[in-house]
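Peer 1: What follows is a single structure, and I will ask about it in a moment.
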Amino acid sequence: MNMLGKWLIFIPFLLGLQNSSDNSISLPDPVYKEKFTVVLDAGHGGHDPGNLGNGYLEKNIALRIVLEAGKILEKDPNVEVIYTRKDDTFVDLYVRGEIANKAKADLFVSVHCDSHTSNAHGAGTFVLGLHANKQNFEIAKKENSVIYLEDNYETRYAEYDINSPESVIGLTIMQEEFLDQSIMLAKMMQDKFAKKLKRNDRKVKQAGFIVLHQTFMPSVLIESGFLTNKNEGSYLDSRKGQSEMGKAIAEAILNYKEALQYNFDESQTSQQTVITPPPVVVEEKTEATETVKEVAVKADNVEIEKQDRDTAKELNQAVPIDTQEKKEEVKQEKPKEVLVEPELKPETADKPEETETAPNAEKAGVKANIVYKVQLMASSRDLPLNSEDFRGLSALSKEAYKNLYRYFYGNTSSYLQATLFKSNADAKGYTSSFIVAYKDGVRIPLDEARKYTGE
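With positions in the sequence shown counted from 1, the corresponding number in the numbering used here is that position plus 909.
Quick look at the structure:
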């Protein structure tokens, strides 16, 4: 029921962000649901005060802005608002993402305040991605340093070094399916800040925020202004400033929701978009003997899809991202039969373990050379990985097996992460997809793999 109730986006679109204010935005085709769920995240809290410019407390300002935004959103009967915190409490970064994922939210919006040694000012909105420049990296590094206030952070974030720009490359994988939508929302936020509130527009940027990596939905992080700027700090600490910022955020969210709803209504009245359901797939009885490399490695039986993105070179330059996949001409031929294969084990339907075990499990999986993927289908057709048959999914790979080709989505050493890939595959229409496991490149039963990772 929840899955049927999601706003799903099937068609990738090209969104160009420029400094001009008259940008047009192409909208994806969603599937309508009764409630649009928004998770509002007030940064920091409790024993983590955040930035302290001019004596102002970031944790308090962020919370008040979030509550103002939530108060407006809650007036819409079609919107459900969930808060990661509503008082002065400390919430771990991974828990914030867990709240959004468990709620199957449509949006995740995190609110913060910035600081700087200069007299910098203005509001900016970030999406997850590679740091465009050193200052974007420093902003993310400062926000990510909150992990050191969490218990057991050495294990939970073992694979991430906040001092290393390279670490963010691994963080972007889970969010890249939602990058277009995240940028669209971020642009709407910035339009409200710059045009309605006349705030200095610091544009839409990319940086490696851990809190955004934890979510599996369109997500943005707002730096509402600089507390170190005397005038801006005073504005953000005022009732007027918090009310205006909260209202601008809420209006941007509602505009995003309405844009999707309008696009849905348009698609309901036209027959132009035809979506072909994916082939039915079940796993083979016979174990594969061929080796399968990870998605990042090129091999004879594995094709890798890489998405190169340009990053902005200037601090105030928006990040233009071309997510339009190259389409190849496909001969109009009758598709061949898809072979149906029974699943190995019923464990694919098991519920994932608690999130607290994920970092340990992933570390164990890496050590044991365990790789989980989601098998989308097995077909006699050799499809290019940028084919429209995959409905915009990336991080794809394929494997030749006997007279078939197995097609996979995702690549992770954590079963819990694999369940998130599975959820997204379901959302794209691959409801018969299932999780498979490999050890040292050889396919093994799922329950055996989970023993290695302790999940």
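Beta carbons are placed, not taken as given, at the ideal position from N, Cα and C, and that holds for glycine.
Which first and last residues belong to the beta strand (DSSP E) in which S1306 is found?
Peer 2: For the purposes of this step, residue 1306 is taken as the residue at position 397 of the sequence shown. Segment 1305–1310, the beta strand (DSSP E) holding S1306.
Peer 1: Would you mind sorting N888 into buried or exposed? The rule is 16 or more other CB atoms within 10 Å of its CB.
Peer 2: The structure shown does not extend to residue 888, since the chain is modelled only from 910 through 1364, so no value can be given for it.
Peer 1: When you compare only the Cα positions, how much space is there between Q1151 and F1087?
Peer 2: In the sequence shown, counting from the first residue as 1, residue 1151 sits at position 242. In the sequence shown, counting from the first residue as 1, residue 1087 sits at position 178. Roughly 28 Å separates the two Cα atoms.
Peer 1: A1012 by DSSP, collapsed to three states: which one?
Peer 2: Along the sequence shown, read from residue 1 onward, the residue named residue 1012 stands at position 103. Three-state DSSP puts A1012 in coil, outside helix and strand.
Peer 1: Going straight from the alpha carbon of F1035 to that of E1132, what length do you get?
Peer 2: Translated into positions along the sequence shown, residue 1035 becomes position 126. Translated into positions along the sequence shown, residue 1132 becomes position 223. Cα to Cα, F1035 sits roughly 8 Å from E1132.
Peer 1: Following the continuous beta strand (DSSP E) through L1130, name the residue where it begins and the one where it ends.
Peer 2: Here residue 1130 is taken as the residue at index 221 of the sequence shown, counted from 1. Segment 1128–1135, the beta strand (DSSP E) holding L1130.
Peer 1: Does the beta carbon of R1352 come closer than 9 Å to any beta carbon on chain D?
Peer 2: Annotation note: the requested chain D is absent from the structure, which comprises a single protein chain.
Peer 1: Quick test of the definition: if touching needs 3 or more C-beta pairs under 8 Å, does the region 1019–1035 touch the region 1134–1146?
Peer 2: Yes, since at least three Cβ pairs between the region 1019–1035 and the region 1134–1146 fall closer than 8 Å, the two stretches touch.
Peer 1: Please tell me whether I974 and M1097 are closer than 9 Å, where the distance is taken between their beta carbons.
Peer 2: The residue labelled residue 974 in the question sits at position 65 within the sequence shown. The residue labelled residue 1097 in the question sits at position 188 within the sequence shown. No, the pair does not count as a contact, with Cβ atoms beyond the cut-off.
Peer 1: Any idea if D1291 is buried or exposed, counting beta-carbon neighbours within 10 angstroms, 16 or more meaning buried?
Peer 2: The residue you call residue 1291 lines up with position 382 of the sequence shown. Under this definition D1291 is an exposed residue.
Peer 1: Buried or exposed: where does N1010 fall if 16 or more other Cβ atoms within 10 Å of its Cβ makes it buried?
Peer 2: By 1-based counting over the sequence shown, the position of residue 1010 is 101. N1010 is buried by the Cβ-count criterion.
Peer 1: Quick one: measure Cβ to Cβ for A1304 and G1319, integer angstroms, because I've assumed they're closer than 8 Å.
Peer 2: Start at 1 with the first residue of the sequence shown, and residue 1304 comes out as number 395. Start at 1 with the first residue of the sequence shown, and residue 1319 comes out as number 410. Yes, A1304 and G1319 are in contact; Cβ-Cβ is about 6 Å, under 8 Å.
Peer 1: Could you say which of A1029, R1108, S1128, P958 lies nearest to V948 if we only look at CA atoms?
Peer 2: Against the sequence shown, residue 948 aligns to sequence position 39. Closest by alpha carbon: S1128.
Peer 1: Sort out for me which residues DSSP pairs K1139 with in a bridge.
Peer 2: Here the question's residue 1139 lines up with position 230 in the sequence shown. DSSP, once it has assigned bridges, lists no residue as partnering K1139.
Peer 1: Which residues in the same chain as A1346 place their Cβ atom closer than 6 Å to its Cβ, once the five residues preceding and following it in sequence are excluded?
Peer 2: In the sequence shown, residue 1346 corresponds to position 437, counting from 1. Excluding residues within five positions, the ones whose Cβ falls inside 6 Å are Y1281, I1353, L1355, A1358.
Peer 1: Expressed to the nearest angstrom, what Euclidean distance is found between the alpha-carbon atoms of N1333 and N1295?
Peer 2: Counted from its first residue, the sequence shown places residue 1333 at position 424. Counted from its first residue, the sequence shown places residue 1295 at position 386. Straight-line Cα distance between these residues: approximately 17 Å.
Peer 1: Please go through the region 1334–1364 and give each complete beta strand (DSSP E) segment of 3 or more residues, from N-terminal end onward.
Peer 2: Runs found: 1343–1348, 1351–1353.
Peer 1: What did DSSP end up calling Q1099 once you bin it into helix, strand or coil?
Peer 2: The residue given as residue 1099 occupies position 190 in the sequence shown. Three-state DSSP puts Q1099 in a helix.
Peer 1: Assuming Q1099 and K1112 form a contact by the criterion Cβ under 8 Å, report the distance between their Cβ atoms to the nearest whole angstrom.
Peer 2: Position 190 of the sequence shown, counted from the start, is the residue given in the question as residue 1099. Position 203 of the sequence shown, counted from the start, is the residue given in the question as residue 1112. About 6 Å separates the two Cβ atoms, so the contact holds.
Peer 1: Identify whether N1320 lies in helix, strand or coil by the three-state DSSP scheme.
Peer 2: Against the sequence shown, residue 1320 aligns to sequence position 411. Strand.
Peer 1: Can you have a look at G955 and say buried or exposed, based on whether 16 or more other CB atoms are within 10 angstroms of its CB?
Peer 2: The count along the sequence shown starts at 1 and reaches residue 955 at position 46. Classification for G955: exposed.
Peer 1: Quick one: what's Q1284 bridged to in DSSP?
Peer 2: Here residue 1284 corresponds to residue number 375 of the sequence shown, with the count starting at 1. DSSP, once it has assigned bridges, lists F1317, F1343 as partnering Q1284.
Peer 1: Starting from the Cα of R1300, find the closest Cα among Y1316, G1338, N1138, L1325 and give me that residue.
Peer 2: Along the sequence shown, read from residue 1 onward, the residue named residue 1300 stands at position 391. Here the closest residue by C-alpha is G1338.
Peer 1: Is I918 helix, strand or coil by DSSP?
Peer 2: Looking up residue 918 in the sequence shown gives position 9. Low local confidence applies: a pLDDT of 36 at I918 is under 50, so the model's placement there is unreliable, with the coordinate-based value given in what follows. I918 falls in the coil class under three-state DSSP.
Peer 1: Identify every residue that forms a DSSP beta bridge with I1279.
Peer 2: On the sequence shown, residue 1279 is found 370 positions in, with the first residue counted as 1. Its beta-bridge partners are K1348.
Peer 1: Pull up the CB-CB distance for F1330 and Q1284, whole angstroms please, since I reckon it's below 8 Å.
Peer 2: Taking the sequence shown and counting its residues from 1, the one referred to as residue 1330 is at position 421. Taking the sequence shown and counting its residues from 1, the one referred to as residue 1284 is at position 375. With 8 Å as the limit, F1330 and Q1284 do not qualify as a contact, their Cβ atoms being about 11 Å apart.
Peer 1: For the beta strand (DSSP E) that V990 lies in, which residues bound it at each end?
Peer 2: As a working mapping, residue 990 is identified with position 81 in the sequence shown. Start and end: 988–992.
Peer 1: For K1149, count neighbouring C-beta atoms within 10 Å of its own C-beta (all shown protein chains included) and say buried if the count is 16 or more, exposed if not.
Peer 2: On the sequence shown, residue 1149 is found 240 positions in, with the first residue counted as 1. K1149 is exposed by the Cβ-count criterion.
Peer 1: Nearest-angstrom Cα distance between A1157 and S1323?
Peer 2: If you number the sequence shown from 1, residue 1157 lands on position 248. If you number the sequence shown from 1, residue 1323 lands on position 414. If I take the Cα positions, the gap works out to 38 Å.
Peer 1: Are L1094 and L982 touching if we call contact CB-CB under 9 Å?
Peer 2: Along the sequence shown, one-based indexing puts residue 1094 at 185. Along the sequence shown, one-based indexing puts residue 982 at 73. No, the Cβ-Cβ distance between L1094 and L982 is not below 9 Å.
Peer 1: The beta strand (DSSP E) spanning G1033 covers which residue range?
Peer 2: Reading the sequence shown from its first residue, position 124 is the one you call residue 1033. Looking at the DSSP string, the run of the beta strand (DSSP E) that includes G1033 is 1032–1037.
Peer 1: For D950, which residues from the same chain have a beta carbon less than 6 Å from its beta carbon, with the 5 sequence-adjacent residues on both sides left out?
Peer 2: Against the sequence shown, residue 950 aligns to sequence position 41. Taken in chain order, the residues that qualify are T993, R1005, S1019.
Peer 1: Which same chain residues, not among the five before or five after E977, have their C-beta less than 6 Å away from its C-beta?
Peer 2: Along the sequence shown, read from residue 1 onward, the residue named residue 977 stands at position 68. Around E977: Q1151, S1152, G1155.
Peer 1: Along the chain, where does the beta strand (DSSP E) containing V975 start, and where does it finish?
Peer 2: As a position in the sequence shown, residue 975 is number 66, starting the count at 1. That residue, V975, is in no beta strand (DSSP E); its alpha helix (DSSP H) goes 967–982.
Peer 1: Suppose the cutoff is 7 Å on Cβ atoms and the five residues either side in sequence are ignored; what does the same chain contact list for M1126 look like?
Peer 2: Here residue 1126 refers to the residue found at position 217 when the sequence shown is read from its first residue. Closer than 7 Å at the Cβ level, and outside the excluded window around M1126, lie A1009, A1014, D1015, L1016, F1017, F1087.
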